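Student: Residue numbers (this note's numbering), protein chains in the order written: chain A, 4 to 122; chain B, 45 to 155.
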Amino acid sequence: EVQLVQSGAEVKKPGESLKISCEGSGYMFSFYWIAWVRQMPGKGLEWMGIIYPGDSDTRYSPSFQGQVIMSADKSNNIAYLQWSSLKVSDTAKYYCARGFSSTTVYSHWGQGTLVTVSS
Amino acid sequence: QSALTQPASVSGSPGQSITISCTGTSSDVGSSNFVSWYHQPPDKAPKLILYDVSNRPSGVSSRFSGSKSGNTASLTISGLQAEDEADYYCSSQTSSRSLVVFGTGTRVTVV
Chain A
4 EVQLVQSGAE VKKPGESLKI SCEGSGYMFS FYWIAWVRQM PGKGLEWMGI
54 IYPGDSDTRY SPSFQGQVIM SADKSNNIAY LQWSSLKVSD TAKYYCARGF
104 SSTTVYSHWG QGTLVTVSS
Chain B
45 QSALTQPASV SGSPGQSITI SCTGTSSDVG SSNFVSWYHQ PPDKAPKLIL
95 YDVSNRPSGV SSRFSGSKSG NTASLTISGL QAEDEADYYC SSQTSSRSLV
145 VFGTGTRVTV V
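1) Nearest-angstrom Cα distance between Tyr97(A) and Thr116(A)?
2) Since Glu4(A) contacts Gly29(A) with CB under 8 Å, what's their CB separation in whole angstroms?
3) Go through its chain and collect everything with a Cβ distance to Gly123(B)'s Cβ below 7 Å, but skip five positions before and after it.
4) Let me check one thing: in DSSP terms, what residues is Ser113(B) bridge-paired to?
5) Output, in chain order, the set of chain B residues within a Cβ distance shorter than 8 Å of Trp50(A).
6) Cutting at 6 Å between CB atoms, please list the residues of its own chain near Met51(A), excluding the five before and the five after it.
7) Please name the residue or residues paired with Val152(B) in a DSSP beta bridge.
8) Is the stretch 66-84 of chain B touching the stretch 75-86 of chain A in the sense that three or more CB pairs, one from each, lie closer than 8 Å?
9) Counting Cβ pairs closer than 8 Å, one from the stretch 93-110 of chain A and one from the stretch 48-55 of chain B, do we hit at least three?
10) Scan the stretch 109-135 of chain B for residues whose Cβ lies nearer than 9 Å to a Cβ of chain A and list them as they occur along the chain.
11) Run down chain A in chain order and give the residues with a C-beta less than 9 Å from the C-beta of Asp96(B).
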């Protein structure tokens with residue numbers, strides 16, 4: 004069974020750094036794109052970008068380019084999303100999702116990681 | 045990259061059919077057959093229900109169907125059931141190839 008399990012909720016202060024994770028199992032992790040999707044409180048889904056764990060090829064949404072870094076450890080089947088300096092406006096739930104038939108369709112989703120940034 | 049436009053809410057009675065529109069531009073929906081739809085129940089992760097405009101993944105009910113005309117894609121839910129209450133999001137590949145844009149989301153209520 005394909006599963007994506009994300010790391011637990013985080014509470015951080017503005018300016019702090021953070022790295023959240025998404026561990027894949029039940030499939031060949033290296034061969035499927037992983038997308039990251041943001042959902043701010045009470046709002047819709049926003050596509051942040053994708054990473055191919057096999058070679059760490061990464062594509063960012065212009066809205067998130069330079070704001071976050073996506074990475075992957077294919078040896079341990081884990082994808083990461085990280086911030087170097089969090090802002091209050093980064094407060095959201097972040098989902099990872101696995102590619103399906105293309106880089107733009109996502110068939111399996113993690114449970115989401117809630118990130119709260121507050122002073 | 046602006047979000048695709050969806051109606052904020054759509055409601056229907058059990059057994060009825062409803063249609064949700066998803067309007068983009070010639071740079072996304074209008075130029076792509078990679079339009080997908082997701083269903084997100086309250087406090088749950090999204091779930092893929094349609095891809096490539098009208099294809100259903102294995103296990104998804106045939107009550108869900110999709111189409112596209114010009115810059116607008118549509119999701120139809122027939123035989124509406126209480127369990128269909130959720131938020132629905134469309135997404136499309138953009139002219140920048142691997143990039144994706146989501147719709148604004150539609151809350152479906154079964155009254």
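Ideal placement from N, C-alpha and C gives every residue a C-beta, glycine not left out.
All values derive from a computational prediction rather than experimental measurement.
Tutor: Reading from the atomic positions:
1) 5 Å
2) Contact holds; Cβ gap of about 5 Å.
3) Short of 7 Å from the beta carbon of Gly123(B), and not among the five residues preceding or following it, lie these beta carbons of its own chain, in chain order: Gly59 and Arg107.
4) Thr116(B)
5) At a beta-carbon threshold of 8 Å, the residues of chain B lying near Trp50(A) are Ser135, Leu143, Val144, Val145 and Phe146, ordered along the chain.
6) Trp39, Arg41, Ser64 and Phe67
7) Answer is Val54(B) and Ala130(B), bridged to Val152(B).
8) Output reads no: the stretch 66-84 of chain B does not touch the stretch 75-86 of chain A.
9) These segments do not touch.
10) Asp131, Tyr133 and Ser135
11) Ser104, Ser105 and Val108
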